[in-house]
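Protein sequences, first through last, are from chains A and B. So my numbering is basically just the index in the first sequence, starting at one, shifted up by 6. Residue 14 in my numbering sits at position 22 of the second sequence, with consecutive numbering throughout.
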Amino acid sequence: MSDVVTSPPGDVGRNPPVLQGQHVYRVHWALGTDRLHAMCFCGADREFEEPIELWNWLHAHPEGHRPPAVTR
Amino acid sequence: MSTIPRNQWYVAAWGREIGADLFARTICNEPILFWRTRAGAVTALSDRCVHRRFPLSQAPSRLVDDQVVCGYHGFTYGADGGCTVVPGQTRVPRTAKLTRYPVVEQDACVWIWIGDPAKADATRIPRAPWLDSPDWTTVNGMEPLQARFGLLLDNLLDLSHETYLHAGYIGTPEVAATPITTEVDEDAGIVYVSRRMADAECPSFYADSTGIRGRITRWQDIEFTPPCLYKLHSRIAPAGVLPREDGSDPDAFHVEVVYAITPETEHSTHDFWSVSRDFARDDDTVSEFLATNNRTVVLQDVAALNVLEQVIASEPAGYQELSINIDTGGLAARRMIARMVADGRPADAAQPAATRPAARQAEPAARQAVLR
């Protein structure tokens, strides 16, 4: 069951996030490239060239997932 | 081994399909008998007499005062599945009872639970409020597909095929050329695929229904709640026109395309489709146009997938296929379905929890997704 409201205006190239659950995986197909940018709900992200390896990595969480370091 | 998830809700029919006459449909390999009782409720029972398995939907079986009378020997059953009459004797055997399926009529659909009735939770049925909202006008239909339901999932989760299979109807070059964003909420059970075309050719499907001439901003947001309900939130506006800062969107046309993908057997599927719109709501010409064109598009898919089923069914197990970037959402849906299949099997055959994705091992969260 879900409630959908109008997405906010924004960059039509990189779509705004829609799902707001605690465990959401996001994959952007980077504009102008063949690269898939995978983002885990833990903060880890990585680029891939094909989707099967990408999903294997996302679903392996937390194995191999290192969230980006916090910069001050 | 079955590829169909059990312990799930499926759309069995459009509500309008079921009236006071017997109605039969096979859902997930199970032959089911439906009718609408005099009180207006839809009932769903096994379509096999317990005696010699004669189909209760088959003439001369008939409905008499909300009871179905088997046309072979006269066994009679009430709307609750209980046997009330056994021919030639007064004792009704304890096992003379039809399987009764949990049913919910909601959003113009008749939903049925396939699996353990004790696990049926109607609050888990995904919603499609446009289908019977007075603020939207809807046309719908159902086409039989002689292909496994997974092929239709692959098809609908990757709309880049519109450019080729549906050229001249809903496909334009931009559909296959626009990057997509895929989101997956494992807890809520949602695969969401967004494709936002900023400056696209307007296909005839939308040009003729909206009256827009010239190029458009076209958004296609897929929201799939496996295993059955697929919603395509479609927004069409003159190129460059976006929703307003306050979130309202009066300058665009909105179309909600809904599919319910219900397995009939391992190799056939009920392809329910509907198109709801928030414009030209009283224009029957637009309704007829959208109904005719969407059915044409559905039949283009059906023709292609029927061929594909024949090809795949003749291939040896473990045939090779290649997945590319456009398949990102479809692969996520496949994985979610595979887990549902494993979860729906008897406990001694289920996949060990340790091999499931981490998000699935977390504390169960409310299935209701929070979207924005």
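Using N, Cα and C, we set each Cβ at its ideal position, and we do this for glycine too.
Q: Just the C-alpha distance for Ile162 (chain B) and Glu248 (chain B), rounded to the nearest angstrom, thanks.
A: 14 Å
Q) Counting contacts by CB-CB distance shorter than 8 Å, is Ser(-6) (chain B) in contact with chain A? A) no
**Q.** C-alpha gap between Ala342 (chain B) and Trp103 (chain B), whole angstroms
**A.** Confidence in Ala342 (chain B) is poor, its pLDDT being 43 and thus under 50, which makes the residue's placement unreliable; the coordinate value appears in the next sentence. Near 25 Å, if we compare the C-alpha coordinates of Trp103 (chain B) and Ala342 (chain B).
Q. If you measure beta-carbon to beta-carbon, which residues of the segment 172 to 203 of chain B are closer than 7 Å to chain A?
A. Ile172, Thr173, Thr174, Glu175, Val176, Asp177, Glu178, Asp179, Ala180, Ile182, Tyr184, Ser186, Arg188 and Ala190
Q: Spatial neighbours of Cys20 (chain B) within its chain, please: CB distance less than 6 Å, with the 5 preceding and 5 following residues excluded, ordered by chain position.
A: Ile(-4), Ile106 and Pro255
Q. In three-state terms, what does DSSP make of Arg45 (chain B)?
A. coil
Q) Relative to chain A, which residues along the segment 309 to 331 of chain B have a C-beta separation below 8 Å, given in chain order? A) Ser315, Ile316, Asn317, Asp319, Thr320, Leu323, Ala324 and Arg327
Q.
Just verifying my parser: in three-state terms, what is the DSSP assignment at Glu307 (chain B)?
A. coil
Q.
Tell me the DSSP secondary structure of Met45 (chain A) in three-state form.
A. strand
Q: Quick one: list the residues of chain B neighbouring Asp40 (chain A), beta-carbon separation under 8 Å, in chain order.
A: Asn317
(Q) Quick test of the definition: if touching needs 3 or more C-beta pairs under 8 Å, does the segment 279 to 291 of chain B touch the segment 33 to 43 of chain B? (A) no
Q | CB contact check: Trp63 (chain A) to chain B, cutoff 8 Å | A | no
Q: Taking a Cβ distance cut-off of 9 Å, strictly less, list which residues of the segment 18 to 32 of chain A are near chain B, in chain order.
A: Val18, Gly19, Arg20, Asn21, Pro22, Pro23, Val24, Leu25, Gln26, Gly27, Gln28, His29, Val30, Tyr31 and Arg32
Q. Do the CB positions of Tyr222 (chain B) and Ile253 (chain B) come within less than 8 Å of each other?
A. yes
Q | First through last residue of the beta strand (DSSP E) which encompasses Tyr184 (chain B) | A | Ile182 to Ala192
(Q) Please report the distance separating the alpha-carbon of Pro57 (chain A) from that of His262 (chain B). (A) 29 Å
Q. First and last residue of the alpha helix (DSSP H) that includes Asp335 (chain B)?
A. Thr320 to Gly336
Q. Bridge partners of Trp211 (chain B), per DSSP?
A. B:Arg188 and B:Arg227
Q.
Going by DSSP in three states, His65 (chain A) sits in which element: helix, strand or coil?
A. helix
Q) Which class does Phe67 (chain B) belong to by DSSP, given the choice of helix, strand or coil? A) coil
Q. Helix or strand or just coil, what does DSSP make of Ala159 (chain B)?
A. strand
(Q) Less than 8 Å between the C-beta atoms of Gln59 (chain B) and Gly70 (chain B), yes or no? (A) yes
Q: Quickly, what does DSSP pair Gln50 (chain B) with across the bridge? List them, please.
A: Paired residues: none, contrary to the question.
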